[in-house]
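Undergrad:
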Amino acid sequence: MTIRLIPALVLAVCTAAEPAAQSAPAPPLFRISTGDFWLNLHQYLYVLGRAASETSDATRRAVADAPADQAKGLDTLTTAEREHWQEAVRAYAAGPSRQDAVFDEPLIEAGNALARAGDRATLDDVAVDSAIRATLARVAPIYRKAWWPAHRASNEGWKQAIDPLMEQHAGALVAYVTRAYGMPWPSDGYPVRVVAFANWAGAFSTEGPLLVISSYDSGNTGLSALETVLHESMHQWDDPVWALLLEQAKAHRRYISRELTHAMIFFTAGEAVRARVPGHVPYAVANGMWERRMGRFKPALDVAWLSWLRGDGTRDAAIAALVKLVPEAR
15 MTIRLIPALV
25 LAVCTAAEPA
35 AQSAPAPPLF
45 RISTGDFWLN
55 LHQYLYVLGR
65 AASETSDATR
75 RAVADAPADQ
85 AKGLDTLTTA
95 EREHWQEAVR
105 AYAAGPSRQD
115 AVFDEPLIEA
125 GNALARAGDR
135 ATLDDVAVDS
145 AIRATLARVA
155 PIYRKAWWPA
165 HRASNEGWKQ
175 AIDPLMEQHA
185 GALVAYVTRA
195 YGMPWPSDGY
205 PVRVVAFANW
215 AGAFSTEGPL
225 LVISSYDSGN
235 TGLSALETVL
245 HESMHQWDDP
255 VWALLLEQAK
265 AHRRYISREL
275 THAMIFFTAG
285 EAVRARVPGH
295 VPYAVANGMW
305 ERRMGRFKPA
315 LDVAWLSWLR
325 GDGTRDAAIA
335 ALVKLVPEAR
């Protein structure tokens, strides 16, 4: 009798444990990728092309060190390799680097295609502009040899540093902003692409969704990096938030600037991190954003939007009040 009961007991235990064993863990709120070879190469050439053209933003903190970083790698190359690489930089300077990574559709499409390509061996069958494909394919072995090991190590180091902060704070931060905006979060998490050099701002996001952040930018560390990732991910709601603002603007016969959506993100992301970690200095404050053009929205945000963030009223009432208080666009 004992011999027959033991298998039955084992079966019962296994059956009881089966649902827990089968349940998959929840996907991370942010899916951080550090090994996107083609996107890293593309953004590096993009930044170097702007430096070669001496654009006004080429001396900004996030990209100022790119030429020096390039020089270190060039010292490891043969004469032929160096010529091929410099030809690629000139090609970018004359083409892709003249575009805006956030707003120009051809560059947006290229960035998304290259992000999806990850670290595959070639760009065959990747839907990217033929000129960009040819340039990248020509210098890919050179980049793998001279710069990619250090760039990838920097990307992975950045992820290792931010992972504990994500584990500790991401859930609360996403809950804060989804409640504030009344918008859903992607069920499979928001993708974050880490590159050595992104653009003059050190991070950007655009349609795709494509969120790119620089591991070499000294400003992308600690809670500032966490706020930047949160900020960029909130651009996923730009269109629906603008629709809500426009509805109220029409109701109150006011003409408002679309920049208000960006000001709301600066304000909300900063308050989200500060609410979670008292003493945190929001990005907009630390970098003087409210002392510039964006500052014209700050008084209205302090009155109408902050009260909603702290739990008073409703989102729609806060948006209506905000629209009535912001200065009209000229």
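Counting in the working numbering, the sequence shown runs from 15 upward without gaps.
Positions of the beta carbon are idealized from the N, C-alpha and C atoms, including for glycine.
Quick one, which of D231, V226 and L260 has its alpha-carbon nearest H245's?
TA: The shortest Cα separation from H245 among D231, V226 and L260 belongs to V226.
Undergrad: Is the beta carbon of F211 closer than 8 angstroms to that of Y58?
TA: Yes, the pair counts as a contact, with Cβ atoms nearer than the cut-off.
Undergrad: Would you list the one or two residues that DSSP bridges to R207?
TA: S47 and V226.
Undergrad: Three-state secondary structure (DSSP) at S67?
TA: Correct three-state label for S67: coil.
Undergrad: Should D138 go down as buried or exposed, given a rule of 16 or more other Cβ atoms within 10 Å for buried?
TA: Result: exposed.
Undergrad: Identify which residue in H98, R112, I333 and K86 has its Cα closest to the Cα of A65.
TA: Comparing Cα-Cα distances from A65 to each of H98, R112, I333 and K86, the minimum goes to R112.
Undergrad: A217 by DSSP, collapsed to three states: which one?
TA: Strand.
Undergrad: Excluding the 5 residues flanking D330 on each side, which residues of the same chain have their C-beta closer than 7 angstroms to its C-beta?
TA: Nothing listed; no residue qualifies.
Undergrad: Ignore the nearest five residues each way along the sequence and tell me which others in Q262's own chain have a CB closer than 7 angstroms to its CB.
TA: Only I333, A334 and V337 meet the Cβ criterion.
Undergrad: Output the distance between the C-alpha atoms of D114 and L323, rounded to the nearest integer angstrom.
TA: The alpha-carbon atoms of D114 and L323 are separated by roughly 33 angstroms.
Undergrad: Does the Cβ of V208 have 16 or more other Cβ atoms within 10 Å, making it buried, or fewer, making it exposed?
TA: Buried, by the Cβ-count rule.
Undergrad: Contact between the segment 293-302 and the segment 167-179 is defined here as three or more beta-carbon pairs at a separation below 8 angstroms; is this criterion met?
TA: These segments do not touch.
Undergrad: Considering only residues of the segment 104-192, which uninterrupted beta strand (DSSP E) runs meet the minimum length of 3 residues and lie entirely inside it, listed in chain order?
TA: With a minimum length of 3 residues, no continuous beta strand (DSSP E) run stays inside the segment 104-192.
Undergrad: Any idea if P120 is buried or exposed, counting beta-carbon neighbours within 10 angstroms, 16 or more meaning buried?
TA: P120 should be labelled exposed.
Undergrad: Among the residues of its own chain, which have a CB less than 6 angstroms from the CB of E32, if the five just before and after it don't count?
TA: Caution is warranted here: a pLDDT of 48 is assigned to E32, below 50, making its placement in the model unreliable, and no coordinate value can be reported.
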